[in-house]
Amino acid sequence: MNDGRIRKHARERLLFLEDTPVAKRLAACKRFLRLESAMIRMRHDARESGLAIARARAALADVMLTHLFDYALAAYERRFGALPAPVALLALGGYGRSELSPLSDIDIMFLFPAKIAAETIKPLQHHLIDEVLYLLWDSGLKVGYSTRTIDEVFAEAKRDIQTKTALLEARFVAGNAVLYDGFSAAYRSYYTTDNPRAYIAARLQDQADRRSKYSDTVFVQEPDIKNGVGGLRDYQNMIWMARVKLDITHVDELEPLKYLRRNELRDAKRAYDFLLRTRNELHFQSKRPTDLLDLEAQPRVGYGLGYMHTDPLARVEQFMRDYYRSAQTLFRVSRLVENRLALNISPAATSSLPLPATAAAAPPPSRFSSLLDIVRARRVQRVKRIDGFILRGSELTAENPRAVFKDDPVRLIRLFRHCQTLDAQPDFALQALIRESLPLLRRNVTHDSGANTAFRAILQQTGAVYPTLALMHELGVLGRFIPEFDGLTCLVQHEFYHRYTADIHTLNAIRQLDIVFSEAEPIAAKYRLALHESARPTLLYLTLLLHDIGKARGIKGHAEAGVAIATPILERMGVEEADRELVLFIIKNHLIMARFWQKRDVDDPDSAIAFAQLALDAERLRHLYVHTFCDSRGTSAGLWNSYKDTLHTTLFRATLVQLTSAETQATRNSQRLQMIKQELISKNLPGISADEISAHFGLLPERYFVQTEADEITLHIQMVNRLIKTITQADTLAALTPVIDWHDDLNRSLTVVNIVTWDRAGLFYKLAGAFSVAGLSILSAKVISRTDHIAIDTFYVVEPGRGVVQSPKAQETFARTVEAALVSNKDLYPEILAQARRHTSILRPAHPAGDTLHAAFPTTVEVYNELSMRRTIVEVQARDEIGLLFKLARLISEQGFDITFARIGTERGIAIDTFYIEDAQPALVTTADDNDGSQSLANTGRLHALREALLQALAPAAAPEAAAG
Numbered sequence: 018m019n020d021g022r023i024r025k026h027a028r029e030r031l032l033f034l035e036d037t038p039v040a041k042r043l044a045a046c047k048r049f050l051r052l053e054s055a056m057i058r059m060r061h062d063a064r065e066s067g068l069a070i071a072r073a074r075a076a077l078a079d080v081m082l083t084h085l086f087d088y089a090l091a092a093y094e095r096r097f098g099a100l101p102a103p104v105a106l107l108a109l110g111g112y113g114r115s116e117l118s119p120l121s122d123i124d125i126m127f128l129f130p131a132k133i134a135a136e137t138i139k140p141l142q143h144h145l146i147d148e149v150l151y152l153l154w155d156s157g158l159k160v161g162y163s164t165r166t167i168d169e170v171f172a173e174a175k176r177d178i179q180t181k182t183a184l185l186e187a188r189f190v191a192g193n194a195v196l197y198d199g200f201s202a203a204y205r206s207y208y209t210t211d212n213p214r215a216y217i218a219a220r221l222q223d224q225a226d227r228r229s230k231y232s233d234t235v236f237v238q239e240p241d242i243k244n245g246v247g248g249l250r251d252y253q254n255m256i257w258m259a260r261v262k263l264d265i266t267h268v269d270e271l272e273p274l275k276y277l278r279r280n281e282l283r284d285a286k287r288a289y290d291f292l293l294r295t296r297n298e299l300h301f302q303s304k305r306p307t308d309l310l311d312l313e314a315q316p317r318v319g320y321g322l323g324y325m326h327t328d329p330l331a332r333v334e335q336f337m338r339d340y341y342r343s344a345q346t347l348f349r350v351s352r353l354v355e356n357r358l359a360l361n362i363s364p365a366a367t368s369s370l371p372l373p374a375t376a377a378a379a380p381p382p383s384r385f386s387s388l389l390d391i392v393r394a395r396r397v398q399r400v401k402r403i404d405g406f407i408l409r410g411s412e413l414t415a416e417n418p419r420a421v422f423k424d425d426p427v428r429l430i431r432l433f434r435h436c437q438t439l440d441a442q443p444d445f446a447l448q449a450l451i452r453e454s455l456p457l458l459r460r461n462v463t464h465d466s467g468a469n470t471a472f473r474a475i476l477q478q479t480g481a482v483y484p485t486l487a488l489m490h491e492l493g494v495l496g497r498f499i500p501e502f503d504g505l506t507c508l509v510q511h512e513f514y515h516r517y518t519a520d521i522h523t524l525n526a527i528r529q530l531d532i533v534f535s536e537a538e539p540i541a542a543k544y545r546l547a548l549h550e551s552a553r554p555t556l557l558y559l560t561l562l563l564h565d566i567g568k569a570r571g572i573k574g575h576a577e578a579g580v581a582i583a584t585p586i587l588e589r590m591g592v593e594e595a596d597r598e599l600v601l602f603i604i605k606n607h608l609i610m611a612r613f614w615q616k617r618d619v620d621d622p623d624s625a626i627a628f629a630q631l632a633l634d635a636e637r638l639r640h641l642y643v644h645t646f647c648d649s650r651g652t653s654a655g656l657w658n659s660y661k662d663t664l665h666t667t668l669f670r671a672t673l674v675q676l677t678s679a680e681t682q683a684t685r686n687s688q689r690l691q692m693i694k695q696e697l698i699s700k701n702l703p704g705i706s707a708d709e710i711s712a713h714f715g716l717l718p719e720r721y722f723v724q725t726e727a728d729e730i731t732l733h734i735q736m737v738n739r740l741i742k743t744i745t746q747a748d749t750l751a752a753l754t755p756v757i758d759w760h761d762d763l764n765r766s767l768t769v770v771n772i773v774t775w776d777r778a779g780l781f782y783k784l785a786g787a788f789s790v791a792g793l794s795i796l797s798a799k800v801i802s803r804t805d806h807i808a809i810d811t812f813y814v815v816e817p818g819r820g821v822v823q824s825p826k827a828q829e830t831f832a833r834t835v836e837a838a839l840v841s842n843k844d845l846y847p848e849i850l851a852q853a854r855r856h857t858s859i860l861r862p863a864h865p866a867g868d869t870l871h872a873a874f875p876t877t878v879e880v881y882n883e884l885s886m887r888r889t890i891v892e893v894q895a896r897d898e899i900g901l902l903f904k905l906a907r908l909i910s911e912q913g914f915d916i917t918f919a920r921i922g923t924e925r926g927i928a929i930d931t932f933y934i935e936d937a938q939p940a941l942v943t944t945a946d947d948n949d950g951s952q953s954l955a956n957t958g959r960l961h962a963l964r965e966a967l968l969q970a971l972a973p974a975a976a977p978e979a980a981a982g
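So the sequence shown is numbered by my numbering: it starts at 18 and just counts up by one.
What follows is the structure in structure tokens.
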């Protein structure tokens, strides 16, 4: 790179005279750094390549270090005489290869000759730190340094692979060039002869471990540019291994040595530069070093890189597609080189090189270990020929590479069925041939009955579908064979839950179905049973493959779009009409089951009745049940939990009863109620008469007994008994405090809080507010009142980040706050706001493209009558904040409504809350009662007013104090 301009400016601004004061040198360094950094930023904004900017940053560091180092040596000689030993200043790591992003660390080493005593050079070491490093640190640069003699360098390199790697790219910056030249020649001789095979093996293991940490996929929603799969480190590792094994100094040398083809080398260099440019932009926008391209940064970084679409979601989609394609290219090319290098090393060579302590202590199985024996093993393996391919061990290769696919392009599909049935993989030559042959996958193949039969067979191999489809996708075959699926490739999903791109999410969902069919994971057992009861269980693989295909036309309405796109796919695949109907039904409705139990009271019998009307029959229900599970678990590892699984399975089982049982639900409910009542009376509960139990059953609607277990009913009767005793002893009803019971449900990782108290206006929002003041999050709530005005409220709560409530202080705070709110009518909102301010995140600096992805999920409020359930429902989607539930519930109460059920959900900072409401004066505005205590509101004017009031309360201007809760 031509860095003449920077050096010219350095001679003008950093040419220090003898005894220039430290303050003046520091001021000059800061000014030089500020001006030159601004120039580099201008070059970046003018669209210079990522590598050019990284090299400019390295050149900037070079000239500053050179001037400071030369001045320091001259000053030492003026003050103390001749240097005690020659010294050279070396750049290491990324700085050594002349690649510095704006916030990258600068790693240097002061190198001294061998056989120099530490005491001899210590004064010079201290002098260099004072005169060079402190000025750099005070200028705002992050500089890491070491001081080594040549002997110490070699000893450290032999001891630690990370040091050995950092020194591979050591570069002379200033000082004694002869000393550096001697060291460089010796070190090059060392690393190319000292067991390079072991070094490669260790680096391959490091690659495998690092990739595993990042889910072994490029397509995560928030990638790490440096260390993630397909990140900069993949490319750098490839070069390090090639440098040691092949004694090369530049990546271009891999082409003449036949380790990369010209197009592979070109693509890798372009991809690497794109990632460097992305990293530079991220650093320019950040105040702290970071390589995480998170959701907040993506719109801004995309804008800075020239993706100018006014819609932030479209901008992110365009930018991230290019990012993923670049990262996938680096991943693919680096693995090609890794495997070609690995074919030439033997396992015996891997034992002498020390590994990092973590690896040495518990080395994981090496994913490349089988490659090490391939060449030798092929000589003794029995050869099997099939369909133009040769099977040796667990690898397939082509008998006649020039003709195998040209003679019969359908082999591009059949090959993967062979791999699946033989438990084999295409070798690297065959994989390269597959990529080269992709243009053969034209319409005549995608519509060929034989090709489609082979593909359907792949989807019917229960428990083993994901690996085959993933390989087809990686090699580009899946998107060619199903062109509609290619629209999902690298498609960013702007949704709350999704961690992966649309294509990888689809494959992950299929992997979850493999687990259901084949693994002993306890949670999968009930889903496997549901599939075994299905007439066409393997059809779910095809459904999962196509369920999100409509997203190629946009996230909104993708289920309906998916039906239109999938219909011709199913026809050309030759899927029978009955199976097509089932697949299309699930695609169209694949979101309804999760949405239903997220927003409905699954213990309410009417919920099962309503959902049965949506599911239509047991076969569809079973497929929806398992599909929802696989779809959700395929979004991210932590999305599905025992709480959601319980809601999901409860709805499934209750709905299945509705669809399969001839006996009416009403009859079963009545029988269950009488059975529980007699069981409780027969228990002779201490201090509780049979009349009290009978009264409890007579004062509550039937739905309470349907959705409440016998043990919980017993607890409520005992709590009511305690409350009534308190009532008889109290002077006034207003002085009554509630009876509270805390119980940890470890299976669902939450705490159940039962509260029995005298019913009064605004009870729910006051209880919700007390939980906020206590620092607890509400997951769900059940609210009901006896006709004698005793309220029985149940809340399911957690301590954020800790699950069950472990803090006695939280319980004490809740009890104290509830008493203050109910007895003294204390306004809790100021305390809630105070806690919100304590949790408020530091605001990010303004940016011309500073919109965030939260803008994609605007505040929405829906208030409507659900006629099939005879309920009036309020649904709210809004940015979460401390006290949000309190605010919503208080407003609903102030508008004259009571809350009878609440489902509280928060995902990634967005609250999704559902309330069942009834009018506080039902005789005025409600429809006919359903004889079960449930009702829907008829006055649409009041519902519209409620909706407008909620929207106004949730408007940004109304809640400046909002904080992530």
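Yeah, the Cβ is synthetic: ideal placement off N, Cα and C, and Gly gets one too. Here the structure is a predicted model, which means the values were calculated and not measured.
Tell me the rounded alpha-carbon separation between residue i and residue j.
i       : j       : result
Glu-186 : Gly-21  : 23 Å
Tyr-162 : Leu-109 : 9 Å
Lys-904 : Ile-626 : 32 Å
Val-350 : Pro-500 : 24 Å
Ile-586 : Leu-556 : 14 Å
Phe-918 : Leu-901 : 16 Å
Asp-79  : Arg-114 : 12 Å
Phe-722 : Leu-850 : 38 Å
Please list, in chain order, all residues of the same chain as residue i whose beta carbon is under 7 Å from its beta carbon, the five residues on each side excluded.
i       : result
Ala-966 : Leu-908, Gln-912
Ile-256 : Val-268
Ala-970 : Lys-904, Leu-908
Ala-365 : Note that Ala-365 scores a pLDDT of 39, beneath 50, so its modelled location is shaky and nothing firm can be said.
Ala-92  : Glu-148
Mapping the DSSP letters down to three states, classify residue i as helix, strand or coil.
i       : result
Ile-734 : helix
Met-126 : strand
Leu-971 : helix
Lys-132 : coil
Ala-945 : Annotation note: pLDDT 42 at Ala-945 (below 50); position unreliable, coordinate value reported separately. Reduced to three states, the DSSP call for Ala-945 is coil.
Gln-442 : strand
Met-18  : In this prediction, Met-18 scores a pLDDT of 44, lower than 50, which makes its location untrustworthy; the coordinate-derived value is nonetheless stated afterwards. If DSSP states are grouped into helix, strand and coil, Met-18 belongs with coil.
Gln-688 : helix
Val-723 : helix
Gln-238 : coil
Asn-606 : helix
Are residue i and residue j touching if we call contact CB-CB under 8 Å?
i       : j       : result
Thr-295 : Ile-242 : yes
Leu-716 : Thr-804 : yes
Ile-604 : His-564 : yes
Thr-834 : Ala-787 : yes
Ile-705 : Ile-730 : no
Leu-447 : Ala-415 : yes
Thr-768 : Asp-761 : yes
Which first and last residues belong to the alpha helix (DSSP H) in which residue i is found?
i       : result
Lys-47  : 39-62
His-988 : As displayed, the chain neither begins before 18 nor continues past 982, which places residue 988 out of reach and without an answer.
Just reading off the beta strand (DSSP E) that residue i is part of, what are its end residues?
i       : result
Asp-662 : No beta strand (DSSP E) holds Asp-662; the alpha helix (DSSP H) holding it covers 659-677.
Lys-543 : That residue, Lys-543, is in no beta strand (DSSP E); its alpha helix (DSSP H) goes 542-549.
Val-318 : Per DSSP, Val-318 belongs to no beta strand (DSSP E); it is in the alpha helix (DSSP H), 314-321.
Ala-92  : First-last for Ala-92: 67-97, but that is the alpha helix (DSSP H), not the beta strand (DSSP E).
Going by beta carbon distance, what residues of the same chain come within less than 6 Å of residue i, once the five residues before and after it are set aside?
i       : result
Pro-213 : Val-261, Lys-262
In chain order, what residues of the same chain lie with their CB nearer than 8 Å to the CB of residue i, ignoring the 5 residues before and after it?
i       : result
Ile-710 : Lys-694, Leu-697, Ile-698, Leu-702, Ile-734
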